[in-house]
Amino acid sequence: MENANIFDGTADTLAMDMSVLVKGNKIEKIAKKIKAPKGAQVIDANGRTLSPGFIGTHEHLMFQMSAGELLTSDTRYFAYVATSTAKKYLYSGWTSVRDAAGNTFSLKTAIDKGIVEGPRIYASGAMISQSAGHADHCLGSNHSSIISEDHDILVEYGDMAVVNGVPKVLEAVREQLRFGANQIKIAVGGGTGSYADPLDVVEFTPEEIKAAVQAAGDYNTYVMAHVYNNDGIRRAIECGVKSIEHANLVDEATLQLMKDNDVWLSAQVGVYTFIPHGYTEDQANKHRQAYAGIDNMFKAAKKIGFDKIGFGTDIITDPSRIDALNDEFIFRQDWFTNAEILQQATSKSGELLGMSHRFSPGKIGVIEEGAVADILLIDGNPLEDLKILQDPENNLHLIMKDGKIFKNLVK
Numbered sequence: 011m012e013n014a015n016i017f018d019g020t021a022d023t024l025a026m027d028m029s030v031l032v033k034g035n036k037i038e039k040i041a042k043k044i045k046a047p048k049g050a051q052v053i054d055a056n057g058r059t060l061s062p063g064f065i066g067t068h069e070h071l072m073f074q075m076s077a078g079e080l081l082t083s084d085t086r087y088f089a090y091v092a093t094s095t096a097k098k099y100l101y102s103g104w105t106s107v108r109d110a111a112g113n114t115f116s117l118k119t120a121i122d123k124g125i126v127e128g129p130r131i132y133a134s135g136a137m138i139s140q141s142a143g144h145a146d147h148c149l150g151s152n153h154s155s156i157i158s159e160d161h162d163i164l165v166e167y168g169d170m171a172v173v174n175g176v177p178k179v180l181e182a183v184r185e186q187l188r189f190g191a192n193q194i195k196i197a198v199g200g201g202t203g204s205y206a207d208p209l210d211v212v213e214f215t216p217e218e219i220k221a222a223v224q225a226a227g228d229y230n231t232y233v234m235a236h237v238y239n240n241d242g243i244r245r246a247i248e249c250g251v252k253s254i255e256h257a258n259l260v261d262e263a264t265l266q267l268m269k270d271n272d273v274w275l276s277a278q279v280g281v282y283t284f285i286p287h288g289y290t291e292d293q294a295n296k297h298r299q300a301y302a303g304i305d306n307m308f309k310a311a312k313k314i315g316f317d318k319i320g321f322g323t324d325i326i327t328d329p330s331r332i333d334a335l336n337d338e339f340i341f342r343q344d345w346f347t348n349a350e351i352l353q354q355a356t357s358k359s360g361e362l363l364g365m366s367h368r369f370s371p372g373k374i375g376v377i378e379e380g381a382v383a384d385i386l387l388i389d390g391n392p393l394e395d396l397k398i399l400q401d402p403e404n405n406l407h408l409i410m411k412d413g414k415i416f417k418n419l420v421k
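Start counting at 1 in the sequence shown, then tack on 10, and there's your number in the working numbering.
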């Protein structure tokens with residue numbers, strides 16, 4: 011590619027009038043002028059912005075259906091919905107996603123083999139929680155798995171795991187690793203979408219969390235933890251968790267503890283600006299509580315210079331929201347500059363996902379020699395105007411993932 015203005019994922023400005031040589035699935039050379047090898051495809055960017063592909067650190071490819079459908083649909087319907095969702099992510103410019111709960115292993119394989127189109131998936135498999143935790147969706151007086159073999163459908167399909175005690179935690183973690191998980195997802199606090207756990211509760215004992223962390227570490231990866239409250243975040247950090255999901259109710263002192271321990275914050279904004287379809291009033295109230303904490307969370311992070319912040323959406327139960335994935339760029343503008351937001355969506359999130367050394371494709375989220383060739387050509391300069399990303403159909407003129415072109419309006 012030649013005549014491109016490069017946003018490399020880390021800088022605050024563009025490198026103007028540059029050329030990039032891609033060989034195989036890697037970026038081989040970056041320079042002002044590059045002599046094209048014989049037989050190479052030459053693409054004239056003509057002043058477009060060349061950017062790394064976007065990266066989502068907290069996505070749910072399996073769950074883009076109503077709450078009622080989530081608890082009643084069969085596996086084939088889940089698969090069809092997830093396949094459609096994956097394609098929407100890719101064509102919105104998202105070349106890698108960390109799936110934060112869901113049995114995406116077959117979808118990942120189908121994408122990797124080129125059978126269907128979608129982003130590179132960093133799969134977590136089932137989200138693991140205790141009984142009465144964030145993964146426990148047994149309703150009312152229904153027995154949980156500790157008493158009965160009757161599970162809700164999300165447990166049956168491998169999207170959730172409800173376990174208690176160190177041996178069961180180890181079994182659940184190792185099962186996800188056997189299936190091919192890139193990292194492990196646990197819940198150590200209450201959630202907005204679950205029924206039995208307010209946002210202020212702490213879930214899993216230290217021994218259970220440490221067991222998950224050790225089992226993941228033995229397989230060269232890490233644990234990410236769903237949690238909103240300070241006590242849960244602190245317990246997770248003390249037990250070795252390296253990625254905190256949400257953390258909307260965090261205070262400055264706990265953020266400082268995260269900073270001191272090199273722990274990542276995987277934050278989302280847009281999903282809290284609406285009440286997900288099918289939520290009860292109790293769930294909606296928890297959702298509003300989580301939304302109210304975002305301003306303090308980001309202001310405290312800026313105050314102490316905490317910048318290990320990933321980019322993601324956490325969209326569930328509302329398929330129409332997937333068509334507006336890139337609104338997340340706009341929602342963050344109350345706290346971050348355009349450059350900071352783009353860095354979160356590229357190099358920062360790439361660094362976060364790079365903590366897993368299982369099935370790593372190489373360095374992602376940056377335009378540099380030796381990095382994976384996940385590349386976008388954008389009509390306009392997103393450092394000046396992020397709104398152009400809200401129209402990926404017209405403004406993303408080229409989408410390349412792993413050195414393969416999926417969309418090319420440049421020709």
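In this text, a Cβ means the ideal position worked out from N, Cα and C, and glycines have one as well.
DSSP three-state assignment for residue i, whether helix, strand or coil
{"i": "Phe64", "result": "strand"}
{"i": "Val165", "result": "helix"}
{"i": "Ser276", "result": "strand"}
{"i": "Thr85", "result": "helix"}
{"i": "Ser253", "result": "strand"}
{"i": "Val420", "result": "coil"}
{"i": "Val237", "result": "strand"}
{"i": "Gly8", "result": "Because the chain in this structure spans residues 11 to 421, residue 8 falls outside the shown range and cannot be described."}
{"i": "Phe341", "result": "helix"}
{"i": "Gly143", "result": "coil"}
{"i": "Asn15", "result": "strand"}
{"i": "Ala25", "result": "strand"}
{"i": "Lys48", "result": "coil"}
{"i": "Glu213", "result": "coil"}
C-beta contact flag for residue i and residue j at 8 angstroms
{"i": "Ala92", "j": "Thr114", "result": "yes"}
{"i": "Thr327", "j": "Phe73", "result": "yes"}
{"i": "Glu361", "j": "Gly375", "result": "yes"}
{"i": "Asp384", "j": "Lys411", "result": "yes"}
{"i": "Asp146", "j": "Ser204", "result": "yes"}
{"i": "Phe339", "j": "Leu406", "result": "no"}
{"i": "Val32", "j": "Gly413", "result": "yes"}
DSSP beta-bridge partners of residue i
{"i": "Trp2", "result": "The question about residue 2 has no answer here: the residues shown for the chain are numbered 11 through 421."}
{"i": "Ile314", "result": "None, per the DSSP bridge assignment."}
{"i": "Met72", "result": "BP columns for Met72 are empty, so no partner."}
Whole-angstrom distance between residue j and residue i, CA atom to CA atom
{"i": "Trp345", "j": "Pro177", "result": "43 angstroms"}
{"i": "Ala96", "j": "Gly128", "result": "5 angstroms"}
{"i": "Ser357", "j": "Ile398", "result": "20 angstroms"}
{"i": "Ala206", "j": "Tyr289", "result": "14 angstroms"}
{"i": "Gly250", "j": "Gln293", "result": "30 angstroms"}
{"i": "Ala50", "j": "Leu24", "result": "25 angstroms"}
{"i": "Pro286", "j": "Val30", "result": "42 angstroms"}
{"i": "Asn43", "j": "Gly199", "result": "At residue 43 the sequence reads Lys, which differs from the Asn that was named. Roughly 53 angstroms separates the two Cα atoms."}
{"i": "Gly124", "j": "Asn240", "result": "43 angstroms"}
{"i": "Thr119", "j": "Phe189", "result": "11 angstroms"}
{"i": "Ala257", "j": "Ile16", "result": "33 angstroms"}
{"i": "His297", "j": "Val279", "result": "12 angstroms"}
{"i": "Val281", "j": "Gly242", "result": "22 angstroms"}
{"i": "Ala171", "j": "Gly135", "result": "9 angstroms"}
{"i": "Glu350", "j": "Asp22", "result": "8 angstroms"}
{"i": "Asp270", "j": "Pro47", "result": "47 angstroms"}
{"i": "Asp27", "j": "Arg130", "result": "29 angstroms"}
{"i": "Pro62", "j": "Ala355", "result": "9 angstroms"}
Cβ separation of residue i and residue j, assumed to be a contact under 8 angstroms, to the nearest whole Å
{"i": "Met75", "j": "Pro329", "result": "7 angstroms"}
{"i": "Ile37", "j": "Glu378", "result": "7 angstroms"}
{"i": "Arg245", "j": "Leu267", "result": "With 8 angstroms as the limit, Arg245 and Leu267 do not qualify as a contact, their Cβ atoms being about 11 angstroms apart."}
Residue i beta carbon near the ligand ATP (any heavy atom closer than 7 angstroms)
{"i": "Leu71", "result": "You won't find the ligand ATP in this model; it holds no ligand whatsoever."}
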